[in-house]
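Colleague:
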Amino acid sequence: MRSGFGTQTSSSGTTYTGEWNDEKMTGSGTLLHPSGGVYKGQFRDNMYHGRGTYYFPDGTKYSGTFSNNRLEGEGEFTDLKGFVWTGHFHGKAAAGLQLKLNI
750 MRSGFGTQTS
760 SSGTTYTGEW
770 NDEKMTGSGT
780 LLHPSGGVYK
790 GQFRDNMYHG
800 RGTYYFPDGT
810 KYSGTFSNNR
820 LEGEGEFTDL
830 KGFVWTGHFH
840 GKAAAGLQLK
850 LNI
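The working numbering puts the first residue of the sequence shown at 750, with every later residue one more than the last.
1. Could you pull out every residue in the same chain whose Cβ sits closer than 6 Å to the Cβ of F826, ignoring the five residues on either side in sequence?
2. Only counting the same chain, and skipping five residues up and downstream in sequence, which positions put a Cβ closer than 7 Å to that of K773?
3. Using the C-alpha atoms, what's the distance from G776 back to H798?
4. Could you spell out where the beta strand (DSSP E) holding G845 opens and where it closes?
5. Beta carbon of R819, beta carbon of G840: below 7 Å?
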């Protein structure tokens with residue numbers, strides 16, 4: 750039974766490096782997708798869960814809270830122009846986003 754720290758690459762080319770518990774990605778880790786997407790953060794039972802950052806293949810990124818593989822809670826989305834949008838995320842919805850300005 751896999752527990753502790755390790756790396757696994759699936760037949761589809763997805764690579765996980767991080768903590769395992771009872772054969773599941775649980776704890777801190779990094780998941781690299783063949784599409785170019787990368788998730789770095791907390792996992793629970795093979796899902797993004799807790800604090801983390803997802804780097805999308807197009808160059809945008811989300812940093813914040815995840816729950817069962819979904820964006821959930823307070824977070825920041827950085828768009829292609831480098832603008833940072835903060836707010837409360839719920840899946841694909843993000844009501845009330847605000848542009849974060851560094852003055």
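Beta carbons: idealized from backbone N, C-alpha and C, even for Gly.
Modeller: Inspection of the coordinates gives the following:
1. Same-chain partners within the cutoff: Y811, W834.
2. Once the five neighbours on either side are set aside, the close Cβ partners of K773 are D794, N795.
3. C-alpha separation (whole angstroms): 9 Å.
4. Per DSSP, G845 is not a residue of any beta strand (DSSP E), being assigned neither H nor E.
5. Yes.
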